[in-house]
Amino acid sequence: MRCFGCVARLCWGGALGLSVFPCVALSLVSPWVWRSFWGCSLVLLYGVVADSIVVSFTPLRIVSGLLVFGDRVVYCGDHGFVEGFIDRFGGELVDYSGYTVLPGFLDPHLHLGSLAAWDRIVDLSGVDSIEELLSIVKKVLLREKRASWIVGRGWDHMRFKEKRLPTIRDLEQLDTDKPVFLIRVCGHIAVANKAALEKLGRELENIDWDNGLLYEDSVAFLWKKALEEIGLEPKSYVDALEKLYRYGIVGIGWMSASLDEVIVYHGIEAIKPHTKIYLEPNSFVEWIRYGLPRNTMNIHGLKIILDGSLGAHTAYLSKPYNDKPGTYGKLNMDVEELEKYLLMVKEKEFHIAIHAIGDKALDIVLQLYSRHGLIGERIEHASLVRNDQIKLLVDLRPRIALQPGFILSDTWLVERIGWNRLAWAYRIASLSKIAKVGFSSDAPVEPLDPWRNIYAAITRGEYEGLDIAATMEEKIDLLTALHLHTKGSAETLYYNDKGKLEPGYSADYIVVDRNPLEISDPRELLKIRIVETRVAGRKVYS
Ligand SMILES: [Zn+2]
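In this note's numbering, the protein residues as written are 181 to 722.
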C-alpha cells in the first residue's frame, strides 16, 4: 500500500499543471490497484457532479463534473465521464444537483489572532453614540463580574452622534477598577481608562495621556498585554477557522502575527486553511535567528504597518486632511528603519508586506521597492493612489491586497480627503490591470464575508448613495471581482495552484445555493449561502 502511495505521489508531482495526463494515467491503473489506494484512508478519490461547476472566472469555464484524487483536481469536464470513472474505479460520487460549485475564496490579509479573540471581547461595531458604547460596557461589567479586563473593539466615532472620540473622562462614568480598553474599528486608535493606562510604561510614545487615547503601536502593545490576561485558548482558533469555512474561505494571509499566536495555531487539531503568515517585526527578528527556510511553520515574511488609517487621520498623505488642515497623518517608522527591515527580509529570502493607506506612505514603499529592485512584493491597502504613481506600479508589478469592503464602511471619505482626491480612492479597476490584485477582508477590521467585498467592488456604494459612487470608472464587473477573490487572492499569496478548479489545482471549492452568474440585482449576492466548503478535497463545513 505504502509503495503504491509513493508511486502515486511521484506521478502526481509530474502531473501538476497538465490537464489531460492525470486522468489518463488514472484510467490506465487497473481497478484492484486503484481500490488498494482507495482503501488507504490517506488517499481520497471522489467525483463531483453539479449543473454548474465554475472552474475559473477569467476565462470563464463551466463544467458539470470534477474528479478529485488526494488533495487535487485531476479532471474537470463532463459529468458522464466522472460517473463512468467512479462506477469503474470506486470512490464516492458527490452529487450537488440544484447547487453551484465555485472555487473557494482566499483572503490574503486578515488577522487570525484578533479574529480568534473576537468572541472573548465586546463587539462595539454598529454603536451610534458614546452613550450607547458606555451602556454596552456597563452591562458587560455587571454580567462578567469575574473578568479581569474589559476589552472591546469595533466602535467608529464617525458614526457617533457626538461626532468626537471617546475619552478617559467618558470611561470614568463606568465606575470600575478593572482595566477597560476599547479599540476603534480600524485598530489604529483606542481609548483606555486609568486602570488600563497604568499597564503602560510612561516611555511609550503615541499616547495622549490626558484623554486616555492610544495610537498605533501603543494600541498593539496594550492589546498584547490584555490578551495575556484574558488568555487565548486553542479552542478560539478552532472557532475562528469555523468562521472562515462558513464564509467559504479556504486560504489566508495572516498579517502581523506574533510567534506566540503561531505556536497556539499550530497546536490545534483542525483542518487548517492554506496559510501564509507575515509576522509582526519583533517576532520576525526573533524568528530569523533560527535560520529556518521560508514557509517553515507557514511563516512567509514580515508585515510592517507603515502608516495608520483614514478614519483615525493617521494614514500618511501628501497633502493635509480635508477636515483637519495641517494634519498629514503619520509614519509609524522612519524610512531608514524600514529600509533596514527590507534588507533583512531580502537577505534572508523572506517576503515583506507593507501597510500603506495614504498616498505619501505609498510613495515611500514604491521608492524603496524600486531602489532595491523588489518586483512583485506585497503592498497592503494602497487605498489612495495618484495617477503619477501608476507608472511606478506598472514597473514594480506588486502584489496588492485590496479591501473593497472599506468602500462601504468609509461613508465619511469625502469629508476626510475632499472631492479632488476622491478619484484616487480604492482604484480597483486601475490597479487590477497593472498589478496582481487580491481581495481581502482585513477581518476583524471589516466583516469576513467575501460576498460583501465582491458586492462593494461591483457597485462602489451606488445602492448606499455614497459619494464614492461618483468614481464609477473604478468599478469592475462580477467575473473580475470573483476572479480577484479566488485566483487573484491566491496569486497575492504566492500560490500558483489555487483559486481555480483546473486539473493540478488544489481541490478547494465551495457549494452555493444560488449561481452568482445568474443574479441580475447585485444586492442579491449578499444573500448567497455557502452550503459546503472543501479544503484540499476535505469537507470542512456543511
Ligand atoms: Zn490589517
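Backbone N, C-alpha and C define an ideal beta-carbon position, used for all residues, glycine too.
Closest residue to residue i among the options (Cα-Cα distance)
i    : options                   : result
L576 : V691, G585 and V545       : V545
R300 : L354, I348, D357 and A420 : A420
I690 : S722, A450, S398 and L459 : S722
K504 : E517, L486 and L490       : L490
G488 : V235, Y496 and G481       : Y496
E408 : M338, Q583 and I330       : I330
I233 : N695, L224, E413 and E704 : N695
V274 : P283, S244 and D303       : S244
D350 : G264, L314, T507 and G684 : L314
V317 : T238, W298 and Q353       : Q353
L611 : F586, R640 and A562       : A562
L345 : Y508, S328, K358 and A372 : A372
L424 : D622, Y521 and T591       : D622
L402 : G509, D543, F361 and L412 : F361
N478 : V254, K510, E312 and S438 : S438
K528 : P624, Y674, N462 and L472 : L472
T356 : K343, G641 and A376       : A376
D440 : P414, P630 and E311       : P414
E311 : P283, V302, K341 and L282 : K341
D231 : L602, G431 and L282       : L282
E704 : T672, Y276 and T639       : T639
Cβ separation of residue i and residue j, assumed to be a contact under 8 angstroms, to the nearest whole Å
i    : j    : result
A581 : P288 : 5 angstroms
E560 : R607 : That belief does not hold up - the Cβ atoms of E560 and R607 are roughly 15 angstroms apart, past 8 angstroms.
L573 : I614 : 5 angstroms
E595 : N475 : Their Cβ separation, rounded to whole angstroms, is 43 angstroms, which puts E595 and N475 out of contact at 8 angstroms.
S436 : E460 : 5 angstroms
I348 : G392 : 3 angstroms
A605 : L593 : 6 angstroms
V525 : L564 : Their Cβ separation, rounded to whole angstroms, is 25 angstroms, which puts V525 and L564 out of contact at 8 angstroms.
L706 : Y427 : Between Y427 and L706 the Cβ distance is about 12 angstroms, and since that is not below 8 angstroms, they are no contact.
Local conformation of residue i per DSSP, three classes
i    : result
P414 : helix
F269 : helix
F464 : helix
T238 : coil
E408 : helix
Y549 : helix
V213 : Residue confidence for V213 is low, a pLDDT of 46 falling below 50, so the modelled location carries little weight and cannot support an answer.
G245 : strand
W335 : strand
V565 : coil
A670 : helix
D231 : strand
V625 : coil
V253 : strand
R469 : coil
R718 : strand
C203 : Confidence in C203 is poor, its pLDDT being 42 and thus under 50, which makes the residue's placement too unreliable to answer from.
S620 : coil
R709 : coil
G431 : strand
Length of the line joining the Cα atoms of residue i and residue j
i    : j    : result
R632 : E698 : 17 angstroms
C256 : E422 : 28 angstroms
E396 : D688 : 36 angstroms
G556 : N676 : 14 angstroms
A492 : R326 : 33 angstroms
H531 : W467 : 13 angstroms
V720 : T713 : 6 angstroms
G717 : L224 : 8 angstroms
R709 : I429 : 13 angstroms
G538 : Y549 : 17 angstroms
A650 : G598 : 13 angstroms
G727 : D693 : Any answer about residue 727 is impossible in this case: the structure gives the chain only from 181 up to 722.
P359 : A370 : 13 angstroms
F586 : F269 : 49 angstroms
W212 : E263 : Any reading at W212 needs caution, since the residue's pLDDT is 45, under 50, leaving its predicted position unreliable; the model's value is listed next. Cα to Cα, the separation comes out at about 18 angstroms.
I443 : E449 : 12 angstroms
P500 : P239 : 43 angstroms
L658 : S328 : 47 angstroms
L321 : P624 : 23 angstroms
C203 : V254 : Since pLDDT at C203 reaches only 42, below the 50 mark, its modelled position is unreliable, and no value is offered.
D303 : I484 : 26 angstroms
E383 : E519 : 25 angstroms
Minimum Cβ-Cβ distance from residue i to chain B less than 8 angstroms
i    : result
V545 : The chain labelled as chain B is not found in the depicted structure, where only one protein chain is given.
| task | Take every Cβ of the stretch 450-457, pair it with every Cβ of the stretch 365-378, and state whether three or more of those distances are shorter than 8 angstroms. | result | By the Cβ test, the stretch 450-457 is not in contact with the stretch 365-378, since fewer than three Cβ pairs between them sit closer than 8 angstroms.
| query | Within the chosen definition, does the stretch 278-287 reach the stretch 655-675 through at least 3 CB pairs nearer than 8 angstroms? | reply | The stretch 278-287 vs the stretch 655-675: in contact.
| said: Using 8 angstroms as the cut-off, can you tell me whether the stretch 294-314 makes contact with the stretch 234-252, which would need three or more C-beta pairs spanning the two stretches below that distance? | reply: With the cut-off at 8 angstroms, the stretch 294-314 and the stretch 234-252 do not touch.
| Hey, is the stretch 301-308 in contact with the stretch 335-344, meaning 3+ C-beta pairs nearer than 8 angstroms? | Short answer: they touch.
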